[in-house]
Each structure stands twice: as C-alpha cells, then as structure tokens.
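Data block below; observations after.
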Amino acid sequence: MTNIFEKVQTAKHLKEREDLINLKDDWLIDTLMPSSQAGILVAPFKSFKSSLAMHMALMVSQGLPFFGYDTKRSKTLYIDNEDTDRELNKRLRNKDNAPEDLHFLTGGEFMLDDSHHMNLLYEYIKENDIKFVILDNLMTMLRNGDIIYGKDFEPMLRRITRLKLLFQDVTFLLVAHANKSAYANSMDDKAYMVKPSDALGGSTLTAWAEFMLMLSPKRGKHNDFSKLSVKARGYQFDDDLNFSYVDSVFTCVNKSKKEPDSELVEKVKAETPIETTKESAQAFLDLAKEKGKVTENE
Numbered sequence: 002m003t004n005i006f007e008k009v010q011t012a013k014h015l016k017e018r019e020d021l022i023n024l025k026d027d028w029l030i031d032t033l034m035p036s037s038q039a040g041i042l043v044a045p046f047k048s049f050k051s052s053l054a055m056h057m058a059l060m061v062s063q064g065l066p067f068f069g070y071d072t073k074r075s076k077t078l079y080i081d082n083e084d085t086d087r088e089l090n091k092r093l094r095n096k097d098n099a100p101e102d103l104h105f106l107t108g109g110e111f112m113l114d115d116s117h118h119m120n121l122l123y124e125y126i127k128e129n130d131i132k133f134v135i136l137d138n139l140m141t142m143l144r145n146g147d148i149i150y151g152k153d154f155e156p157m158l159r160r161i162t163r164l165k166l167l168f169q170d171v172t173f174l175l176v177a178h179a180n181k182s183a184y185a186n187s188m189d190d191k192a193y194m195v196k197p198s199d200a201l202g203g204s205t206l207t208a209w210a211e212f213m214l215m216l217s218p219k220r221g222k223h224n225d226f227s228k229l230s231v232k233a234r235g236y237q238f239d240d241d242l243n244f245s246y247v248d249s250v251f252t253c254v255n256k257s258k259k260e261p262d263s264e265l266v267e268k269v270k271a272e273t274p275i276e277t278t279k280e281s282a283q284a285f286l287d288l289a290k291e292k293g294k295v296t297e298n299e
C-alpha cells in the first residue's frame, strides 16, 4: 500500500520547486478565470450561458483573446448534454474557425453521478492532454435530479475535485441553472444581479466552487443582454461585461472601457450583411450608447 506521507514537502521546497517557480498569476482567461481550478457558470434560462461557454471554449482552444482578455492555449473538452450534433454543426459554421484542439462529447449520456463515466473522463483527459473541461449542464448530468438536495450531492462534486487534484493543471467549468425566480427578478429589476445562492444546488454547489461566474439577463431597447458578475477565492474581477447577439454575432460590450471594443467592431463589420436593415444598425448603435461606448455630437 502506498504511503501518502511520502509526499510531504517542506515550505521551502514547495516555494522553490522548479516545476512551479514560474506560476505566479496563472490564468486560463486573464484576470477572469484562473487555471487549474474548478468553478461554476450560473445563469437562468435564456441568459446566453451556453453561448458564453462555447465562446470561451473556442478562444481558449486556439489561444485567442476572449473579448480582449488573453487566454492560455489549452486543449478543451466540451461535454454538451443538451445540443444535437446538427445544432453544434450549425453554431460552428457561424464561427471563424473550428479548431482541432476543441473536442465535443454529445448525446446526453455522460453522468456525473456515474463512477464509470468519471473514470472514462479521467482516461480521456489523460490520453488527450486536455487542460480545460466544460460540463454543460449540471441538471442534464444527473440520473436523479433530486440528488442536488440530498447528502449525496457533495460527494459527487468531490469527484470533480479529485480529478482536479490528480491532474494539477486542468480547469473545470460546470454550467448550472439558476432558479426560475432569478430570471423574472433580473429581467424586471435593472439593479438585480443573479447571486450564487440562486443556483440549483444551493449552498453545497457554491461552497464547492473556487470561482463563480453569474449571468443576469436584462431587457435592452432592442435586444436582451446579460451582465456578468464574478465571485471568487483569491481574486476580484470588476469589469462590466455585457453579452448579447447582434444579428448572428455573439458580442460583448465592456462598459469599463473608454473606447469601443475593436474586436467587436471588426466582427460586426465582417459578419453583418450589407443589406442589414436600418433598424438593426440603429439597435447596435443604441446598445453602444447605452453602454457608454459612443456619444453624439451636439
């Protein structure tokens, strides 16, 4: 039997280890999502949570900026238990690239409360050098949905923690629904922000997560959008990011910036048809004004 105490290290040795010496601020998405941690993305329905997770996966798997935030290029596994291959094909055809380093598991078969599936996940991560795993979404990955209210929920989450500890360099993002009242509250009240406690899974889920990303859906003049907020251990993220669709383009307006997001502007130019209606163009302009990105001359 292995003696686990053979792994004991002194503080001096741990501080000076050559394999860790360069890991200062280690981010998967700069200042937004830390590397090698397990976290959650919480949002009500119709809040663009899967669109956000997909965009993260596409950018991280290519090492491209996520709406202006640098990413660490990482092989990514997206376990999608809701969308069909046809739907994913349609989404990917609307993107610039379909990277080889982004892997999908579909079919709605993967279960977090199945130890055999978790063992298979371990093997796949190991064999394919996966560094980022997205699990979309929690409620579709439970054979018994009532588990989130019982004593077996925490041990199930610890299986993900166990994988994180075994690999040391893999980031896990678990997509979770917020309760139905959170959607109504957020849409009706401009000041309301979705809280970690709104997640289905409650305090057990939020106590487990090392970082929590929340999307709060809001009504715009022409298009609905979602505001991002972040709760985390050991860091703070205060940028005001607002996600929406302009025609078929998933966009982000960063209210914290004084200038328009050049990446957003170029994507809209490239992907918006010439025959775009005046109403659609005006909608984008109004959204930009709303977020303080443009001002009108007197």
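In this note's numbering, the protein residues as written are 2 to 299. All residues carry an ideal CB built from backbone N, CA and C; glycine is no exception.
1) What's the gap between the Cα of F238 and the Cα of E110?
2) Which value, in whole angstroms, describes the spacing of the CA atoms of L201 and N180?
3) In three-state DSSP terms, what is L113?
4) I believe D86 touches D137 by the beta-carbon criterion, under 8 Å. Please report the beta-carbon distance rounded to the nearest angstrom.
5) E297 to I135, Cα distance in whole Å?
6) What three-state label does DSSP hand S198 in the structure shown?
7) M60 lies in the beta strand (DSSP E); which residues open and close that run?
8) Return the residue from the list D240, L174, F226, P45 that minimises the CA-CA distance to W209.
9) Tell me, which residues are paired with G40 by DSSP?
10) Can you check whether the CB of L42 is closer than 8 Å to the CB of A183?
11) Report the rounded CA-to-CA distance for T277 versus V250, giving the unit in angstroms.
12) Does DSSP put E276 in a helix, a strand or coil?
13) Suppose only complete runs of 4+ residues qualify. What are the alpha helix (DSSP H) ranges in the segment 125-171, listed by chain order?
14) Anyone know if the C-beta pair for F68 and C253 falls short of 8 Å?
15) State the DSSP-derived secondary structure class of N90, mapped to helix, strand or coil.
16) Could you please give me the residues that DSSP links to M34 through a beta bridge?
17) Is the separation between the beta-carbon of Y123 and that of L164 shorter than 8 Å?
18) Are F154 and I148 closer than 8 Å when you measure CB to CB?
19) Secondary structure at T319, three-state DSSP: helix, strand or coil?
20) Terminal residues of the continuous alpha helix (DSSP H) containing S187?
21) Of the choices Y246, S62, D71, L214, whose alpha-carbon is the least far from that of Y79?
22) Counting beta carbon pairs with one atom in the segment 188-204 and one in the segment 33-50, are three or more of them shorter than 8 Å?
23) Going by Cα to Cα distance, which pick from P66, K219, T11 is closest to D31?
24) Would you mind working out which of K232, K191, L121 sits nearest P218, comparing C-alpha positions?
25) Since Y123 sits in a beta bridge, which residues does DSSP pair it with?
26) Per DSSP, D81 forms a beta bridge with which residues?
27) What are the residues that DSSP puts in a beta bridge with P218?
28) Can you tell which of K232, Y246, S52, D241 has the C-alpha that lies nearest to the C-alpha of M34?
29) I think Q169 touches S37, with their Cβ atoms under 8 Å apart; what is that distance to the nearest whole Å?
If we stick to the structure as given:
1) Looking at the two C-alpha atoms, the distance is approximately 35 Å.
2) Rounded to the nearest whole angstrom, the C-alpha separation of L201 and N180 is 6 Å.
3) Here DSSP, grouped into helix, strand and coil, assigns L113 to coil.
4) Rounded to whole angstroms, the Cβ separation of D86 and D137 is 15 Å, and the two are not in contact under 8 Å.
5) Interpretation of E297 is limited by its pLDDT of 46, a score under 50 that renders its predicted location unreliable; the figure taken from the coordinates is listed afterwards. Distance between the alpha carbons of E297 and I135 is about 42 Å.
6) Helix.
7) Taken as a continuous stretch (DSSP letters only), M60 belongs to no beta strand (DSSP E), being part of the alpha helix (DSSP H) at 50-63.
8) Here the closest residue by C-alpha is L174.
9) Residue pairing by DSSP places G40 opposite L174, F212 in a beta bridge.
10) One thing to note: A183 has its Cβ no nearer than 8 Å to the Cβ of L42.
11) With a pLDDT of only 46 at T277, under 50, the local geometry of the prediction cannot be trusted, and the value read off the model is given with reservation. Approximately 13 Å, taken between the alpha carbons.
12) Here E276 scores only 48 on pLDDT, less than 50, and its place in the model is too uncertain to base an answer on.
13) Considered as a whole, the segment 125-171 harbours 154-168 as its complete alpha helix (DSSP H) runs of no fewer than 4 residues, in chain order.
14) Their beta carbons are under 8 Å apart, which means F68 touches C253 by this criterion.
15) Looking at N90 - three-state DSSP - the assignment turns out to be helix.
16) When beta bridges are read from the DSSP output, M34 appears opposite I30.
17) For Y123 and L164, yes; Cβs fall inside 8 Å.
18) In terms of Cβ geometry, F154 and I148 form a close pair [threshold 8 Å].
19) No information on residue 319 is available, as it lies outside the stretch 2 to 299 that the chain covers here.
20) Here the alpha helix (DSSP H) through S187 covers 181-189.
21) Restricting attention to Y246, S62, D71, L214, the CA atom closest to the CA of Y79 is found in S62.
22) Yes, the segment 33-50 is in contact with the segment 188-204.
23) Of the candidates P66, K219, T11, the residue whose Cα lies closest to the Cα of D31 is P66.
24) Measuring C-alpha to C-alpha distances from P218 to each of K232, K191, L121 identifies K191 as the nearest.
25) According to DSSP, Y123 bridges with nothing at all.
26) D81 pairs with D137.
27) According to DSSP, P218 bridges with S227.
28) Residue nearest to M34 within the set K232, Y246, S52, D241 is K232 (criterion: CA-CA distance).
29) Their Cβ separation, rounded to whole angstroms, is 6 Å, which keeps Q169 and S37 in contact under 8 Å.
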